[in-house]
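Before any comments, here is the structure.
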Amino acid sequence: MKYASSMNTNQRFQARSPWCANTLPYSIGLIWAVFGTPVVHGQNVLLAEPPIQTITVLASPPNALSLSSPVKTLSADELRNKLGVSLGESLSGELGLSASGFGAAASRPIIRGMEGARVQILENGMAMSDVSTLSNDHAVANGLTQTKAIEILRGSSALKYGPNSGSGVINILNDKILTELPTSLSASIDSRLTSADHGASSGLEMSTSQGPLAIHLDASKSVANDYAIPSFRELGGPNANWPGKPNTSEKNRLPYSYSFSENAGAGLSLINSMGYTGVSYEHFTHQYGIPSLEGSQIQQQQNKLDLQHLSKHPLPGIDALVFKASSTQYQHTELSTSWVPSTQFTNQGYDARLEFVHQKMDHWDGLLGLGYSKGQLSAFDLLNPNHAAIVPPTESTTWSAFWIEEKKWADLTTDFGLRFERVQKQPNALVPYTDSLLFTPSMAGEASTPTSSFQSPVVSNKAFNTLSWSTGLLYPLSDLHSAALHYSLSQRAPASDELFSYGAHDATATFDIGKANLVPETAHNLEVNFMKTRGLTRWKTNFFYNKIENFIYGAMAGLKDPQTGYEIRQFNQADVIQKGAEAEFSMGSSSEGSVYKLFTDHVQTQFMNGSYTPLQAPVRLGLDWSYRDGDYKGGLSAIHAFKQTHLSSGEIAPTPAYTDLRASWSFHQRLPNSDLDWYILAKNLLNQDIRYSTTVQTLRLYAPQTGKSFTLGVKWYF
294 MKYASSMNTN QRFQARSPWC ANTLPYSIGL IWAVFGTPVV HGQNVLLAEP
344 PIQTITVLAS PPNALSLSSP VKTLSADELR NKLGVSLGES LSGELGLSAS
394 GFGAAASRPI IRGMEGARVQ ILENGMAMSD VSTLSNDHAV ANGLTQTKAI
444 EILRGSSALK YGPNSGSGVI NILNDKILTE LPTSLSASID SRLTSADHGA
494 SSGLEMSTSQ GPLAIHLDAS KSVANDYAIP SFRELGGPNA NWPGKPNTSE
544 KNRLPYSYSF SENAGAGLSL INSMGYTGVS YEHFTHQYGI PSLEGSQIQQ
594 QQNKLDLQHL SKHPLPGIDA LVFKASSTQY QHTELSTSWV PSTQFTNQGY
644 DARLEFVHQK MDHWDGLLGL GYSKGQLSAF DLLNPNHAAI VPPTESTTWS
694 AFWIEEKKWA DLTTDFGLRF ERVQKQPNAL VPYTDSLLFT PSMAGEASTP
744 TSSFQSPVVS NKAFNTLSWS TGLLYPLSDL HSAALHYSLS QRAPASDELF
794 SYGAHDATAT FDIGKANLVP ETAHNLEVNF MKTRGLTRWK TNFFYNKIEN
844 FIYGAMAGLK DPQTGYEIRQ FNQADVIQKG AEAEFSMGSS SEGSVYKLFT
894 DHVQTQFMNG SYTPLQAPVR LGLDWSYRDG DYKGGLSAIH AFKQTHLSSG
944 EIAPTPAYTD LRASWSFHQR LPNSDLDWYI LAKNLLNQDI RYSTTVQTLR
994 LYAPQTGKSF TLGVKWYF
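Mapped onto the working numbering, the consecutive letters of the sequence shown carry residue numbers 294 to 1011.
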C-alpha cells in the first residue's frame, strides 16, 4: 500500500518527536552542562590516559607472528573520525569492506562483496537477535556510541562464532559488563553537532567499584534530520528516464533519511582473582526513515539481558571456563509516510555459549566450545490481521560445537578450526501469506514461464547439518617480512527468508519468493598474504579465490507483480567464483609527525557462465595523510571508487565513479582533574554524488549518500 505525504522535510521531522524539533538549543544546553558545571572531587586523582574507543579489525593476514591477532586497530582519533550513525558507514573505508546504503541509519557492512546472512554481526561475542540480515533496510540494533572495539574475524578464529563463506564475522565490543575493577570513578561525555543533517548527539558513560563489585552505566541520544545531498536525488537528474522507473525532480535534501535513537544500559560485575560474573541490561529505541522513492519509516525497539562468567583454572588442564548467555526481545514496526503501521517484525532471541580454554600442550593454544541459539521470528501484516507479511512465523534453533587450535614453532605458525552446526527451521504453515501475485497464464508471458513458478513456497520443517573447517600457515621470510597461506571450507544453511519469503517488499520494490528446497552453500576459500609488519614502511597484500557451490541469490524474473508493479525476485542457487586482491602501504611513525597510507581493493563474483552476481563492489583506491604534533592532530583522506559497470541481470544503471574527500582536526586540552578533546570533522568535501553499487537498484537510483558535511564535537572525561 502506497501513501503520499504533503508535509515538507522540517514538518515531517518535527512531527516525529517533540524533543527533536529543536536540536540546536538541546545541544548547546548539553555542552553548557558539561563545561559550565564545576566537577568536585574528594581528592586529586592522578589523570590516566583517556578512555580509548577502538575498532579492532581481526582478519588474515595477522600482524606479528600470530594467526589470530588483529591485522589493524582503529583507535581513539581514527575511530572518532570514522564513526558514523551505522555500522556499515563506520567500516566502509577499511580494506576489503564496503557498505549498503539505505540512508544514514540502515547501512550494514559488506565484506569482500558478501552481505546479509553471510556476514554475522555479534555484540560481545553473542548473536544480535535483530532482523537486519533479512533486508538491508533493517538497521543493526546497536547505537555504537559506547563501542570500545569491533572485531572482524576470518578463517579459523571466525569459526568460533559461525560459518562465514569466506567473508567474516563482526563482533561489537563494549564495557556493559566490566571484567576488571576500576581503581576510581571514571566518566566521560561526548557531544557533537553535524551540519548536513542539522544533527546532534551525546553519550554518557560512568564506571566505578564498591569492594569486589564493578558498576557501569551509560546512556546516549542521537538526532539527525533528513540529510543534504549535492543535487537531484535521482541518478542523472529528472530527465534520466530509466526504463520502467518513475522520475522525480526532488533535490538538495533526501526525504526520509532522518534518524534518531536513544540508548540506556547498566551492568554489574562481581570480580575477584579467580574470574568474574557479570550481568547487564540494555534498552534501545530507534526511529528512522527509508529513502526509497515511495518513502517509509521504521520504529525499532530492543531490550537485551546479558550474562557473562569466567573462571580461571577451574579444572586440571583447563586455563579458563567461559560461559555467556543473552536474551533479546526485539521488535520493529514499518510505517507508511502517513504514519500508518503496515508490518510488525518481532524476534525473541536466546543465545548461549560455553568455552573451555585448555592449557598449552606441546606449544598448542586452543579452546573447545558448545553453542546454542534460538530465535522466534514473526512478521505480521497489521492491515490484514493474522496474515504473514513476507515470511511466516518461524522458530529457528541452532546447536553447534567448535574447536580452535594454534601452534607456534621457531619459524612457523599454524592454526586449525572446526565447526559443526545443526540448524532447524520450524515455520507455522497455518498462518497464510497476505500477498498473492494473482498471475494468469496470459500475464505470465512466455509459455516457458508457468504460473506455478510464482506460487508461494511449501512451508514445512527443515533441518540442515553443516561442517566447516579452516587451516592456515604463517612463515617469516625475514626479520621484517612474512607470508601466509589460508584455506577454508565453510557451509552455511539457508536463512528463513531465503526459504519461505513470499510477498511485496516496499524498501527494495521487489516481490520476493523463497525456495523451500534450497540446500546449504559450500564455500572453498584460498588466500595468500605477503606482508611487512614492522619499521617505518609497512605493507601487506592479500590475494583470494573463493568458489561457492549452491550460492543463494535473488534472481530477477524479468516480470512484475500486477498489483504493486514491483519486480519479481526469486531466490535461487548456482555455483559462483569470487576473486579479489587487496593491498595497503604505509610510511611514517604514528607517535609524532606524518604518516602516509595508500590502499586499493577489488573483488568480483561471477556465475560459471561469466555473468555477474548482483551488487558488485567497485574497484577502490585510497590515500590518507595524518599528522600529530603534541596535543594537535590532523589528517586528510580520499577514497576514489571507480565506475561500476559489472551489472547483473535486471540491473539497468552503472554506478558512477566518485571521490570521497575527508579532513579532521583535533586538540587535546588538559584541565585540573579532567581532560577535553575538541575536534572538527569534514566529510565529502567535494560534495560529490556518492552512490553505493552494493545497494539494491531501487535505492541506488534515488538515494545518494550525504553531501558535504561538517561535525563539531567535544569529549570531556576524567
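Backbone N, C-alpha and C define an ideal beta-carbon position, used for all residues, glycine too. The model shown is predicted, which means the values in this text are computed figures rather than measured ones.
- Item | Of the residues Val684, Trp692, Thr690, Lys700, the one placed nearest Gln652, counting alpha carbons only | Lys700
- Message: I'd like the list of long-range same chain contacts for Gly322, defined as Cβ closer than 6 Å, with 5 residues on each side in sequence excluded.
- Response: Residue placement at Gly322 is poorly supported in this model, since its pLDDT is 40, which falls under 50; the coordinates are not used for a value here.
- Buried or exposed for Gln962, please, with buried defined as at least 16 other CB atoms from any protein chain shown within 10 angstroms of its CB. exposed
- Message: Short of 7 Å in beta carbon distance, which residues of its chain neighbour Gly381, apart from the five on each side in sequence? Order them along the chain.
- Response: Ala392, Ser393, Ser400, Arg401, Pro402
- Ile422: which of Phe864, Gln622, Pro750 sits nearest, CA to CA? The sequence shown places Ser at residue 422, rather than the Ile named in the question. For the residues Phe864, Gln622, Pro750, the minimum Cα distance to Ser422 belongs to Gln622.
- Message: For a quick check, are the C-beta atoms of Ser775 and Gly459 less than 8 Å apart?
- Response: no
- Phe793 - DSSP class collapsed to helix/strand/coil: helix
- Answer yes if the segment 597-608 comes into contact with the segment 628-639, meaning at least three C-beta pairs across the two stretches below 8 Å, and no otherwise. By the criterion of at least three beta-carbon pairs nearer than 8 Å, the segment 628-639 is not in contact with the segment 597-608.
- Message: Beta-carbon within less than 7 Å of Thr727's beta-carbon, same chain only, minus the 5 sequence neighbours each way: which residues are those?
- Response: Asp674, Asn677, His680, Ala681, Ala682, Gly796
- Message: Can you list, in chain order, the residues of its chain with a C-beta nearer than 6 Å to that of Pro907? Leave out the 5 residues immediately preceding and following it.
- Response: Take Pro907, set aside five residues on each side of it, and the residues of its chain with a beta-carbon closer than 6 Å to its own are Ser941, in chain order.
- Message: Output needed for Gln439: all residues of its chain with C-beta closer than 8 Å, excluding positions within five of it in sequence on either side, in chain order.
- Response: Asn467, Asp468, Lys469, Gly496, Glu498, Asp511, Ser513, Asn556, Gly558.
- Query: By DSSP, does Thr801 sit in helix, in strand, or in coil?
  - Reply: The answer is coil: DSSP assigns Thr801 none of H, G, I, E or B.
- Pick from Ala946, Gly927, Tyr859, Pro947: whose alpha carbon is nearest that of Ala975? Gly927
- Task: In angstroms with no decimal places, state the Cα-to-Cα distance between Ser689 and Gly610.
- Result: 35 Å
- Give me the Cβ distance between Asp953 and Ile973, rounded to the nearest whole Å; I'm assuming they're in contact under 8 Å. Not really, about 17 Å apart at Cβ, beyond 8 Å.
- Query: Which residues mark the beginning and the end of the beta strand (DSSP E) in which Ala687 is found?
  - Reply: Per the sequence shown, residue 687 should be read as Thr rather than Ala. From DSSP, the beta strand (DSSP E) with Thr687 extends over 687-701.
- Message: Which of the three DSSP states is assigned to Glu885 in this structure?
- Response: DSSP places Glu885 in coil when its eight states are reduced to three.
- Query: Taking the alpha-carbon positions, what's the Pro734 to Asn843 distance?
  - Reply: Low per-residue confidence applies at Pro734: pLDDT is 48, beneath 50, and the placement is therefore not dependable, though the value from the model is reported in the following sentence. Roughly 30 Å between the two C-alpha positions.
- Item | Contact belief for Glu714 with Thr759 at Cβ below 8 Å, rounded distance in angstroms | Correct: roughly 5 Å between the Cβ atoms.
- Message: By the three-class DSSP mapping on this structure, what secondary structure does Asp370 have?
- Response: It is helical.
- Below 7 Å CB to CB, which residues in the same chain sit around Asp924 once its five sequence neighbours on both sides are set aside? Cβ within range, chain order: Phe960, His961.
- Label Leu723 either buried or exposed according to how many other C-beta atoms from any shown protein chain fall within 10 Å of its C-beta, with 16 as the threshold for buried. exposed
- Range of the contiguous alpha helix (DSSP H) that encloses Glu1015: Residue 1015 falls outside the range modelled here, since the chain spans only 294 to 1011, and no answer is possible.
- Below 6 Å CB to CB, which residues in the same chain sit around Ser502 once its five sequence neighbours on both sides are set aside? Leu474, Pro475
- In the DSSP assignment, find the unbroken beta strand (DSSP E) run with Thr706 in it and report its ends. 706-720
- Can you give me the start and stop residues for the alpha helix (DSSP H) that Leu992 sits inside? 990-995
- Are there 16 or more other CB atoms within 10 angstroms of the CB of Met419, so buried, or fewer, so exposed? By the neighbour-count criterion, in which a residue is buried when 16 or more other Cβ atoms sit within 10 angstroms of its Cβ, Met419 is buried.
- Message: Just to confirm before moving on: does the CB-CB distance between Arg785 and Pro813 stay below 8 Å?
- Response: yes
- Task: On a CA-only basis, which of Leu452, Leu891, Ser882 is nearest Ala876? Give me that one, please.
- Result: When only C-alpha atoms are compared, the closest one is Leu891.
- Task: Please check the pair Tyr995 and Ser481, which I expect to be a contact at CB under 8 Å, by giving their CB distance rounded to whole angstroms.
- Result: No, Tyr995 and Ser481 are not in contact; Cβ-Cβ is about 39 Å, not under 8 Å.
- Query: Taking the continuous beta strand (DSSP E) assigned at Glu395, which residues delimit it?
  - Reply: With the sequence shown as reference, residue 395 is identified as Phe, and Glu is not the correct amino acid for it. Where Phe395 is concerned, there is no enclosing beta strand (DSSP E), given that its DSSP letter is neither H nor E.
- Query: Nearest-angstrom Cα distance between Trp971 and Ser882?
  - Reply: 23 Å
- Query: What separation, rounded to the nearest whole angstrom, lies between the Cα atoms of Lys597 and His625?
  - Reply: 15 Å
- Cα-Cα separation, Ser488 to Gly377: 14 Å
- May I ask you to report which of helix, strand or coil DSSP gives Phe249? No answer is possible for residue 249: the residues shown for the chain start at 294 and end at 1011.
- Task: Helix, strand or coil for Ser495, going by three-state DSSP, please let me know.
- Result: strand
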